[in-house]
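Trainee: Numbering (my numbering), first residue to last: 2 to 699. For glycine and all other residues, C-beta sits at the position ideal for the given N, C-alpha and C. Small disclaimer: the values here were computed from a predicted structure and weren't measured.
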């Protein structure tokens with residue numbers, strides 16, 4: 002399931018990509034929410050953030066490339082709306098929505114100031130002038146200013162409608178009533194170029210083509226397509242004369258082949274097609290007559306979908322084949338202009354959901370409130386796949402939280418987190434090594450001054466924590482997350498309940514032995530391999546299952562799996578001696594992640610658990626082991642060799658004041674990539690009287 006992030010397609014090349022939708026795990030009863038069931042699955046619709054009165058408040062938005070914060074562009078509003086998706090996904094972080102006041106009204110212009118926004122590589126966002134006489138700039142820190150050109154922009158109305166950012170880092174605005182193209186370079190110089198017809202509502206929406214570094218503008222009332230060559234700042238009208246009629250096409254999108262642009266019919270009875278290889282312009286399809294039929298669209302798989310505005314069916318384009326499907330209420334503007342699955346409501350009281358796998362349609366009722374027209378001005382997918390609808394006349398932000406993470410998005414984002422690319426088949430060895438090197442074992446949640454959350458081993462929760470928030474996890478979380486990844490990649494995976502060998506290194510001097518009950522779960526992959534990414538210091542690669550021969554992994558660790566009666570046990574070789582680590586039944590009963598949640602609560606969250614007595618964060622590389630234990634940073638290298646390893650220990654808590662927590666947080670960022678906002682409130686004194694030697698082996 003996917004959604005695009007702009008009410009008008011073609012507004013920003015980097016944001017106009019297919020995005021997938023995931024569930025939010027936290028349950029916030031302070032928001033007005035509604036659960037919409039479909040086959041046991043739910044999409045949550047909720048109003049979030051402060052209530053703001055007024056009409057035409059914000060007209061589009063842009064997401065900062067620095068931190069993913071969404072900045073809504075003020076139309077009539079006197080400030081910028083800030084939406085921080087990250088803040089809302091962290092437990093206790095709030096809903097992430099606020100209004101940033103700034104000097105956005107000047108010279109008596111306080112209505113329809115800017116329309117749409119674009120994102121720049123430096124993290125700033127620009128609002129494109131509608132009636133305003135300058136370009137709005139929003140810095141990544143929220144600072145707001147208006148950029149003037151060498152010559153002050155005119156105060157004419159409806160000057161530019163949409164825009165793109167080119168490979169040169171410059172932003173370009175699509176001329177609507179303006180007779181020139183707007184340009185803002187990387188040094189904030191504002192200029193205009195071209196000499197175009199002075200008519201009104203000429204082009205709506207610009208589509209960026211990286212193949213030939215050009216912006217193609219979709220004719221609304223203009224008679225031809227406008228091509229803007231971004232490398233030379235030149236304008237050229239291409240293709241045949243399409244006639245003088247008004248409101249022909251509204252926005253467009255680059256098709257799945259990466260070279261064909263499709264324009265969506267408003268009053269026109271055909272789909273506009275631009276082939277960017279030779280700039281050929283043509284029309285396809287024969288649609289029924291009507292006004293304002295489609296107001297934008299997006300790509301899903303090998304198809305392009307047009308989102309109905311006044312039309313009573315959804316438009317579907319595959320190559321040069323045009324079809325419509327579904328039967329919808331003929332009310333005007335019943336759905337918004339974005340989305341493949343979730344279409345943002347304009348006048349409608351529902352969200353339109355389209356399933357591109359089956360072309361099935363659903364209408365999801367909004368969670369209450371009085372009827373309004375022009376409710377929202379676009380929907381934007383965040384890094385977690387939730388959709389944020391920017392209020393135009395509505396009083397609050399609407400957030401849609403789909404219930405699932407589809408396999409494609411889960412795998413792509415997870416492998417990106419591991420630094421593994423899809424250019425060739427990814428091996429199990431690569432995944433295990435990258436997982437241990439990238440995603441640390443950690444128990445930070447137990448040291449943030451709040452009670453531990455109940456166990457949640459769902460795919461969505463672990464995806465959000467380990468992948469999106471760039472955290473680590475405990476042994477349960479790490480192995481279960483890898484279980485989900487390998488299954489999504491097509492592997493057969495089972496979870497093996499293991500008993501841990503506990504000796505003096507685990508606080509049991511004089512009575513070493515396997516624990517009575519399983520408290521750890523490793524993975525059996527494709528029947529033939531043993532994998533573990535959550536146990537203290539596991540092998541840096543898969544081991545052949547049920548193989549007593551010594552096996553050496555890339556870190557130099559020597560391991561073997563022995564049969565002992567009706568059991569198997571994992572051993573490792575230290576200083577020439579084989580020592581036990583894990584034991585499990587040969588005829589084990591495989592567990593599911595749901596089975597493990599009560600067990601994790603007992604092992605990890607109980608008051609006597611050793612896993613939460615002291616802050617521990619640790620990761621492995623082929624040559625080094627890096628650990629923060631309490632206030633000590635410990636680096637061991639080489640890990641396994643004939644030479645005695647060098648062990649470096651740095652005391653981060655030498656100062657006995659608030660700075661020691663800051664030192665530890667800085668080390669967690671530097672050595673483990675854990676964001677500072679994830680360790681706010683770190684309390685190093687919250688440990689539960691752990692035996693001093695318990696974490697010494699790390």
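May I ask you to report which of helix, strand or coil DSSP gives residue 162?
Mentor: The count along the chain shown starts at 1 and reaches residue 162 at position 161. Strand, per DSSP.
Trainee: So, with DSSP's three-state summary, where would you put residue 430?
Mentor: Within the chain shown, residue 430 is the residue found at index 429, counting from 1. Note: residue 430 maps to helix in three-state DSSP.
Trainee: Any chance you could list the alpha helix (DSSP H) runs of at least 4 consecutive residues sitting entirely within the segment 383–423, in chain order?
Mentor: You should have 408–419.
Trainee: So what does residue 138 bridge to, in DSSP terms?
Mentor: As a working mapping, residue 138 is identified with position 137 in the chain shown. DSSP lists 127 and 146 as partners of residue 138.
Trainee: Rounding to the nearest angstrom, what Cα-Cα distance links residue 679 and residue 666 in this structure?
Mentor: In the chain shown, residue 679 corresponds to position 678, counting from 1. In the chain shown, residue 666 corresponds to position 665, counting from 1. Roughly 9 Å separates the two Cα atoms.
Trainee: What are the complete alpha helix (DSSP H) segments, minimum 4 residues, inside the segment 483–555?
Mentor: Within the segment 483–555, no complete alpha helix (DSSP H) run reaches 4 residues.
Trainee: Pairing CB atoms from the segment 122–134 with CB atoms from the segment 104–111, are three or more of them under 8 Å?
Mentor: Yes: the two stretches touch, three or more of their Cβ pairs being nearer than 8 Å.
Trainee: Quick check: what's the CA-CA separation for residue 258 versus residue 324?
Mentor: For the purposes of this step, residue 258 is identified with residue 257 of the chain shown, where counting begins at 1. For the purposes of this step, residue 324 is identified with residue 323 of the chain shown, where counting begins at 1. Taking the straight line from one Cα to the other gives about 19 Å.
Trainee: List in chain order: all unbroken beta strand (DSSP E) runs of 3+ residues lying wholly within the segment 49–97.
Mentor: Those beta strand (DSSP E) runs which fall completely within the segment 49–97 and span 3+ residues are 59–64, 71–75 and 80–84.
Trainee: Quick check on the DSSP output: the alpha helix (DSSP H) that includes residue 667 runs from which residue to which?
Mentor: Sequence index remark: in the chain shown, residue 667 carries index 666 (1-based). Run containing residue 667: 660–673, per the alpha helix (DSSP H) assignment.
Trainee: What's the call for residue 577, buried or exposed, on a 16-neighbour Cβ count within 10 Å?
Mentor: As a position in the chain shown, residue 577 is number 576, starting the count at 1. Counting Cβ neighbours within 10 Å, residue 577 comes out exposed, since fewer than 16 surround it.
Trainee: Would you call the segment 671–685 and the segment 449–462 in contact, with 3 or more CB pairs under 8 Å?
Mentor: With a cut-off of 8 Å, the segment 449–462 and the segment 671–685 count as touching, because enough Cβ pairs lie within range.
Trainee: Taking 6 Å as the limit between beta carbons, can you name the residues of its chain near residue 540, skipping five residues before and five after?
Mentor: Stepping through the chain shown from its first residue, residue 540 is reached at position 539. So the qualifying residues of the chain are 554, 558 and 560.
Trainee: Buried or exposed for residue 475, going by 16 or more other Cβ atoms inside 10 Å?
Mentor: The residue labelled residue 475 in the question sits at position 474 within the chain shown. Residue 475 comes out buried.
Trainee: For the segment 422–441 against the segment 525–532, do three or more pairs of beta-carbon atoms, one drawn from each stretch, fall closer than 8 Å, so that the two count as touching?
Mentor: With the cut-off at 8 Å, the segment 422–441 and the segment 525–532 touch.
Trainee: Would you tell me roughly how many angstroms separate the C-alpha atoms of residue 683 and residue 598, rounded to the nearest one?
Mentor: The count along the chain shown starts at 1 and reaches residue 683 at position 682. The count along the chain shown starts at 1 and reaches residue 598 at position 597. Whole-angstrom Cα-Cα distance: 25 Å.
Trainee: Do you know whose CA, among 520, 414 and 173, lies nearest residue 482's CA?
Mentor: Numbered from its first residue, the chain shown carries residue 482 at position 481. The option with the nearest alpha carbon to residue 482 is 414.
Trainee: Can you tell which of 163, 114 and 123 has its C-alpha closest to the C-alpha of residue 147?
Mentor: Along the chain shown, read from residue 1 onward, the residue named residue 147 stands at position 146. Taking only the C-alpha atoms, the option nearest residue 147 is 114.
Trainee: CA-CA distance, residue 26 and residue 282?
Mentor: Counting from one through the chain shown, the residue named residue 26 turns up at place 25. Counting from one through the chain shown, the residue named residue 282 turns up at place 281. Annotation note: pLDDT 21 at residue 26 (below 50); position unreliable, coordinate value reported separately. Straight-line Cα distance between these residues: approximately 47 Å.
Trainee: Could you check whether residue 243 and residue 266 sit closer than 8 Å to each other, using their CB atoms as the reference points?
Mentor: By one-based count along the chain shown, residue 266 stands at place 265. By one-based count along the chain shown, residue 243 stands at place 242. Their beta carbons are not under 8 Å apart, which means residue 266 does not touch residue 243 by this criterion.
Trainee: Using a beta-carbon distance below 8 Å, is residue 386 in contact with chain C?
Mentor: Going by chain labels, chain C is absent from the structure shown, which holds only one protein chain.
Trainee: What three-state label does DSSP hand residue 233 in the structure shown?
Mentor: Along the chain shown, one-based indexing puts residue 233 at 232. Coil at residue 233, not helix or strand.
Trainee: Whose C-beta lies closer than 6 Å to the C-beta of residue 686 among residues of the same chain, with five residues either side of it excluded?
Mentor: Counting from 1 along the chain shown, the entry for residue 686 is found at position 685. Same-chain partners within the cutoff: there are none.
Trainee: What are the boundary residues of the alpha helix (DSSP H) that includes residue 594?
Mentor: Counting from one through the chain shown, the residue named residue 594 turns up at place 593. It spans 594–601 - the alpha helix (DSSP H) in which residue 594 sits, taken as one unbroken run.
Trainee: Which one or two residues does DSSP pair with residue 704 in a beta bridge?
Mentor: Because the chain spans 2 through 699 in this model, residue 704 falls outside it and cannot be assessed.
Trainee: Rounded to a whole number of angstroms, what is the C-alpha to C-alpha distance between residue 1 and residue 308?
Mentor: Lying outside 2 to 699, the shown extent of the chain, residue 1 is not represented and no answer is given.
Trainee: Check the DSSP bridge columns for residue 619 and list the partner residues they point to.
Mentor: Stepping through the chain shown from its first residue, residue 619 is reached at position 618. According to DSSP, which records beta bridges pairwise, residue 619 is partnered with 442 and 628.
Trainee: Under a Cβ-count criterion, where at least 16 other Cβ atoms within 10 Å of its own Cβ denotes burial, should residue 651 be classed as buried or exposed?
Mentor: The sequence position of residue 651 within the chain shown is 650, counting from 1. Exposed, because fewer than 16 other Cβ atoms sit within 10 Å of the Cβ of residue 651.
Trainee: Is it buried or exposed, residue 422, if we count other Cβ atoms within 10 angstroms and call 16 or more buried?
Mentor: As a working note, residue 422 is residue 421 in the chain shown. Residue 422 comes out exposed.
Trainee: With H, G and I counted as helix, E and B as strand and the rest as coil, what does DSSP make of residue 481?
Mentor: Here residue 481 corresponds to residue number 480 of the chain shown, with the count starting at 1. Three-state DSSP puts residue 481 in a helix.
Trainee: According to DSSP, is residue 640 part of a helix, a strand, or is it coil?
Mentor: Here residue 640 corresponds to residue number 639 of the chain shown, with the count starting at 1. Three-state result, residue 640: coil.
Trainee: If you run the structure through DSSP and keep just helix, strand and coil, what is residue 289?
Mentor: On the chain shown, position 288 is the one that residue 289 refers to. Note: residue 289 maps to coil in three-state DSSP.
Trainee: What is the rounded straight-line gap between the Cα of residue 303 and the Cα of residue 590?
Mentor: Here residue 303 corresponds to residue number 302 of the chain shown, with the count starting at 1. Here residue 590 corresponds to residue number 589 of the chain shown, with the count starting at 1. One C-alpha to the other measures close to 42 Å.
Trainee: Considering only residues of the same chain and omitting the five flanking positions on each side of residue 103, which have a CB-CB separation below 7 Å?
Mentor: Position 102 of the chain shown, counted from the first residue, corresponds to residue 103. Cβ neighbours of residue 103 beyond the five flanking positions: 80, 81 and 145.
Trainee: Where does residue 100 sit, in a helix, a strand or coil, going by DSSP?
Mentor: As a first step, residue 100 is located in the chain shown; it is residue number 99 there, counting from the start. Note: residue 100 maps to strand in three-state DSSP.
Trainee: Cutting at 7 Å between CB atoms, please list the residues of its own chain near residue 364, excluding the five before and the five after it.
Mentor: Numbered from its first residue, the chain shown carries residue 364 at position 363. Only 351 and 353 meet the Cβ criterion.
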